[in-house]
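Novice: Below: one structure in structure tokens.
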Amino acid sequence: MKRVETKRKRIESELEKRKMKRRRDSDEFKVVEGVIDTSTLKTLYRLLNRGVLSSLYGAISTGKEANVYRGVGSDGKSVAVKIYRMTTAESDYMLEYIIGDPRFQHVKRRSRALIPQWALKEYKNLFRYHEAGVRVPRPIAIERNVVVMEFIGDLESGLPAPLLKDVVLDEPAEVFDSIIEMVEIGVRKANLVHADLSAFNILWYGQPVFIDVSQAVLLEHDNARKYLFRDIQNITTYFSKLGVEIEDPQVIVEAILSGDS
Ligand SMILES: Nc1ncnc2c1ncn2[C@@H]1O[C@H](COP(=O)(O)OP(=O)(O)O)[C@@H](O)[C@H]1O
Ligand SMILES: [Mg+2]
Numbered sequence: 002m003k004r005v006e007t008k009r010k011r012i013e014s015e016l017e018k019r020k021m022k023r024r025r026d027s028d029e030f031k032v033v034e035g036v037i038d039t040s041t042l043k044t045l046y047r048l049l050n051r052g053v054l055s056s057l058y059g060a061i062s063t064g065k066e067a068n069v070y071r072g073v074g075s076d077g078k079s080v081a082v083k084i085y086r087m088t089t090a091e092s093d094y095m096l097e098y099i100i101g102d103p104r105f106q107h108v109k110r111r112s113r114a115l116i117p118q119w120a121l122k123e124y125k126n127l128f129r130y131h132e133a134g135v136r137v138p139r140p141i142a143i144e145r146n147v148v149v150m151e152f153i154g155d156l157e158s159g160l161p162a163p164l165l166k167d168v169v170l171d172e173p174a175e176v177f178d179s180i181i182e183m184v185e186i187g188v189r190k191a192n193l194v195h196a197d198l199s200a201f202n203i204l205w206y207g208q209p210v211f212i213d214v215s216q217a218v219l220l221e222h223d224n225a226r227k228y229l230f231r232d233i234q235n236i237t238t239y240f241s242k243l244g245v246e247i248e249d250p251q252v253i254v255e256a257i258l259s260g261d262s
């Protein structure tokens with residue numbers, strides 16, 4: 002019993018020492034150390050040196066291809082930091098959404114090269130949407146596989162906004178209209194189709210906010226219309242279940258494309 006006790010003490014003190022060392026090494030990013038590869042840690046330091054980030058807190062979300070963290074910007078305000086994993090097992094599907102995009106002429110197939118292009122695509126799409134007036138997080142910076150964007154949620158407490166799928170809406174019909182209008186402005190003014198739109202990729206912060214836009218394609222993309230139909234269908238299905246009376250998705254798509262809705 003005694004021996005076990007001493008052994009545990011020894012391990013604990015060793016861990017404590019290591020923890021201290023880690024803190025000294027990188028106080029700002031201690032939460033991600035060990036979770037994140039060395040090259041990404043370097044990328045985070047570049048953002049620190051650029052004055053974009055001052056520190057990083059816990060993960061808001063850990064997904065298949067990316068983790069999202071709350072960070073603090075140089076002005077002391079919360080930002081969202083989306084870190085794409087450099088080694089994603091499933092990067093093949095990304096090719097479908099990036100090949101043929103005139104903004105990415107030389108698409109690389111190796112993850113090491115593709116993932117930074119994918120992150121840049123998310124940044125560029127956020128920028129386009131934002132410029133067009135579609136509610137998305139304002140893009141702040143891009144550095145290799147890390148996208149820094151406006152934090153949607155309570156800036157003071159750092160509490161992120163919930164997903165649309167998790168909120169009970171007072172006026173679902175109005176929210177539906179507002180989402181369709183955002184899709185329409187996205188198509189007409191930003192020339193973009195989201196291509197993964199659903200209640201899982203819309204935040205609710207008093208109003209809907211589109212997120213997760215890396216796969217969004219320009220309207221010229223071969224499959225843009227197919228993706229637009231799928232987006233609209235996801236939204237109409239969701240709101241029909243909430244009891245909102247809705248037109249045929251095809252009619253909505255045609256109205257969006259013809260510009261007379
Ligand atoms: N700008 C943001 N502000 C607050 N929370 C965010 C922001 N961006 C993403 N999140 C949170 O992180 C989660 C994952 O982000 P998302 O872009 O959808 O990545 P994934 O590819 O993992 O689905 C979201 O469901 C949301 O909860
Ligand atoms: Mg998502």
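Just so you know, we're using our numbering here: the sequence shown kicks off at 2 and counts up by one. Note that CB positions come from ideal geometry on N, CA and C, so glycine has one too.
Three Cβ pairs or more, each shorter than 8 angstroms: is that satisfied between the stretch 233-248 and the stretch 177-185?
Specialist: Output reads yes: the stretch 177-185 touches the stretch 233-248.
Novice: Please report the distance separating the alpha-carbon of ILE37 from that of MET87.
Specialist: Here residue 37 refers to the residue found at position 36 of the sequence shown. Here residue 87 refers to the residue found at position 86 of the sequence shown. Each residue's Cα considered, the two are about 10 angstroms apart.
Novice: Short of 6 angstroms in beta carbon distance, which residues of its chain neighbour SER259, apart from the five on each side in sequence? Order them along the chain.
Specialist: To locate residue 259, count along the sequence shown from 1; it is residue 258. Nothing meets the Cβ criterion.
Novice: By alpha-carbon positions, which one of VAL184, VAL188, LEU164 ends up nearest to GLY207?
Specialist: In the sequence shown, counting from the first residue as 1, residue 207 sits at position 206. It is LEU164 whose Cα lies nearest to the Cα of GLY207.
Novice: Over what stretch of residues does the alpha helix (DSSP H) that includes PRO138 continue unbroken?
Specialist: Stepping through the sequence shown from its first residue, residue 138 is reached at position 137. Premise fails: PRO138 is in no alpha helix (DSSP H) and is neither H nor E.
Novice: Comparing the CB of LEU202 with every heavy atom of ligand 1, is any distance shorter than 8 angstroms?
Specialist: For the purposes of this step, residue 202 is taken as residue 201 along the sequence shown, with counting starting at 1. One detail in the question is off: residue 202 reads as Asn in this sequence, not Leu. ASN202 Cβ: within cutoff of ligand 1.
Novice: Would you kindly report the start and end of the unbroken alpha helix (DSSP H) that includes TYR46?
Specialist: For the purposes of this step, residue 46 is identified with residue 45 of the sequence shown, where counting begins at 1. Where TYR46 is concerned, the enclosing alpha helix (DSSP H) stretches over 39-50.
Novice: Between the beta-carbon of HIS195 and the beta-carbon of VAL168, is there less than 9 angstroms?
Specialist: Position 194 of the sequence shown, counting from 1, holds the residue named residue 195. Position 167 of the sequence shown, counting from 1, holds the residue named residue 168. No, the pair does not count as a contact, with Cβ atoms beyond the cut-off.
Novice: Going by the CB atoms, is the gap between ILE84 and VAL147 shorter than 9 angstroms?
Specialist: Residue 147 sits at position 146 when you count from the first residue of the sequence shown. Residue 84 sits at position 83 when you count from the first residue of the sequence shown. Result yes, Cβ atoms of VAL147 and ILE84 sit closer than 9 angstroms.
Novice: Check whether the stretch 212-226 touches the stretch 99-116, counting contact only when three or more Cβ pairs, one atom from each stretch, lie closer than 8 angstroms.
Specialist: Touching, yes.
Novice: Determine the contact status of ALA191 and ARG231, defining contact as a CB-CB distance below 9 angstroms.
Specialist: For the purposes of this step, residue 191 is taken as residue 190 along the sequence shown, with counting starting at 1. For the purposes of this step, residue 231 is taken as residue 230 along the sequence shown, with counting starting at 1. It is not a contact, given that the beta carbons lie outside the stated cut-off.
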